[in-house]
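Undergrad: Dropping the structure in here first, questions after.
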Amino acid sequence: MSLNYARYGKDNIRLYKVDKDEKSGIQSVVEMTVCILLEGDIDTSYTAADNSVVVATDTQKQTCYILAKQNPITPPELFASIVGTHFVETYKHIHAAHVKIIQHRWTRMTIDGKPHPHSFFRDGEEIRVVESVTRENQGIFLRSKIEKLLVLKSTGSAFYGFHRDEYTQLPETWDRILSTEVEAGWKWKTFSSLAEVKFVVPKFDEAWNAAREITLKTFATDSSASVQNTMYKMCEQILAAVPLVEAVDYSLPNKHYFEIDLSWHKGLKNTGKDATVFAPQSNPNGLIQCTVTRKGPKAKL
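Residues in the sequence shown are numbered consecutively from 1, following our numbering.
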């Protein structure tokens, strides 16, 4: 027998950091959940009960906190690269570090028309996610994501002209509610080192803001023939806006809202153009996914 897969680490490391400007009294906060998984010459810990090759998961957690104290943790792409590089460079027998960061939303409160210096609120469950792999002698691989961004528009979406056969019951529609929980990701060019990541630090926030704005604007303004076509338009625009990105992907569940026929009650009209009351559906739901890559020259600095 042979060990085909070996990876271990610390999951659900809760991390909060506050930046205090003593002069102005303004504070900024960041909260994230971190997962670290290590690969390398660790097989004997599985096959021979040899714990000498194990960098304890508690050590990984404490390292994460120390690195957060010593370095900026935003943008999360940078902090993921810092953490991954530390483990690959510090331990000769560790050859790859997988780091996933989930950044949670804290938005500054506005009180009496002014931004409050140290109070925040959670405005929705949307999260910013980074998935990174740092491999010895290969570089740093980064993928950034928007997840749990719930959107809805009450019109401006259609679905017709689809294939029909003896199994098809769905009617065509030229006007429907469109709602989805956005999961959008973009894969960066491979970075050769942490120094190269640091060189482009402003690009990470710029890309996240651009991807979010493109997603929302396209969703709102596109006269959608299908979720498939709308998501493709989003991918095209993000690739055009962010030269360092090599691929963009979306996964969009179609959250259905069904008309309710109320004609049984005194002829009450609530279908077609008269529909105003709907029943939100939890499942089953459509799930549409795509990945769009560049044609021709790859992403570059």
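The C-beta atom is built at its ideal place from N, Cα and C for all residues, glycine as well.
Per DSSP, what kind of secondary structure is K92 in: helix, strand or coil?
TA: If DSSP states are grouped into helix, strand and coil, K92 belongs with coil.
Undergrad: DSSP three-state label for E125, please.
TA: Of the three classes helix, strand and coil, the one that applies to E125 here is coil, per DSSP.
Undergrad: Compute the Euclidean distance between the alpha carbons of S132 and I73, then round it to the nearest angstrom.
TA: About 14 Å.
Undergrad: Spatial neighbours of A97 within its chain, please: CB distance less than 6 Å, with the 5 preceding and 5 following residues excluded, ordered by chain position.
TA: The answer, listed in chain order, is L38, G84, F87, V88 and T134.
Undergrad: With a CB to CB cut of under 6 Å and the five nearest residues on each side skipped, what residues in its chain are close to E136?
TA: Cβ within range, chain order: V88 and H95.
Undergrad: In whole angstroms, what is the alpha-carbon distance linking F219 and I42?
TA: When rounded, the distance between both Cα atoms is 47 Å.
Undergrad: Around the C-beta of K69, are 16 or more other C-beta atoms found within 10 angstroms, so that it is buried, or is it exposed?
TA: Under this definition K69 is an exposed residue.
Undergrad: Among the candidates A210, V182 and W208, whose CA atom is the shortest distance from the CA of V227?
TA: The residue with the shortest Cα to Cα distance from V227 is V182.
Undergrad: Quick check for students: name the residue ranges of the alpha helix (DSSP H) that lie wholly in the segment 160–203, counting only runs of 4 or more.
TA: If we require 4 residues or more, the alpha helix (DSSP H) runs fully inside the segment 160–203 come out as 194–199.
Undergrad: Quick test of the definition: if touching needs 3 or more C-beta pairs under 8 Å, does the segment 103–111 touch the segment 16–33?
TA: At 8 Å Cβ cutoff, the stretches touch.
Undergrad: For S132, which three-state DSSP category applies?
TA: Of the three classes helix, strand and coil, the one that applies to S132 here is strand, per DSSP.
Undergrad: Between the beta-carbon of T130 and the beta-carbon of A80, is there less than 8 Å?
TA: Correcting the residue identity first, residue 130 is Val in this sequence and not Thr. Yes, the Cβ-Cβ distance between V130 and A80 is below 8 Å.
Undergrad: For G267, which of helix, strand or coil comes out of DSSP?
TA: In the structure shown, G267 sits in coil (DSSP, three-state: anything other than H, G, I, E or B).
Undergrad: Within the chosen definition, does the segment 42–54 reach the segment 108–115 through at least 3 CB pairs nearer than 8 Å?
TA: At 8 Å Cβ cutoff, the stretches do not touch.
Undergrad: Would you kindly report the start and end of the unbroken alpha helix (DSSP H) that includes T305?
TA: Outside the displayed range of the chain (1 to 301) lies residue 305, so it cannot be described from this structure.
Undergrad: From Y8 to D58, what does the alpha carbon distance come to, in whole angstroms?
TA: Cα to Cα, the separation comes out at about 12 Å.
Undergrad: G161: buried (16+ other C-beta within 10 angstroms of its C-beta) or exposed?
TA: Its Cβ having fewer than 16 others within 10 Å, G161 is exposed.
Undergrad: When you compare the CB positions of V151 and T180, do they come within less than 8 Å of one another, or not?
TA: Yes, the pair counts as a contact, with Cβ atoms nearer than the cut-off.
Undergrad: Can you tell me whether W174 is buried or exposed, with buried defined as 16 or more other CB within 10 angstroms of its CB?
TA: That one is exposed.
Undergrad: Shortest alpha-carbon distance to G40 belongs to which of S192, E125, H93 and V55?
TA: Ranking the options by Cα distance to G40, first place goes to H93.
Undergrad: Just reading off the alpha helix (DSSP H) that K233 is part of, what are its end residues?
TA: Start and end: V227 to A241.
Undergrad: Quick check on A210: does DSSP put it in helix, strand or coil?
TA: It is helical.
Undergrad: Report the three-state DSSP secondary structure of A247 (helix, strand or coil).
TA: Strand.
Undergrad: What does the Cβ neighbour count give for G272, buried or exposed, with the cut at 16 atoms within 10 Å?
TA: Label assigned to G272: exposed.
Undergrad: Would you kindly work out how many angstroms separate the C-alpha atoms of E172 and S263, rounded to a whole number?
TA: For E172 and S263, the distance between alpha carbons rounds to 21 Å.
Undergrad: Are the segment 236–245 and the segment 274–288 touching by the rule of at least three beta carbon pairs closer than 8 Å?
TA: Touching, no, given that fewer than three Cβ pairs across the two stretches are closer than 8 Å.
Undergrad: Which of the three DSSP states is assigned to Y16 in this structure?
TA: Y16 falls in the strand class under three-state DSSP.
Undergrad: Using only the alpha-carbon positions, how far apart do F141 and W188 sit?
TA: Whole-angstrom Cα-Cα distance: 7 Å.
Undergrad: For E206, which residues in the same chain have their Cβ closer than 8 Å to its Cβ, ignoring the five residues on either side in sequence?
TA: The residues are V242.
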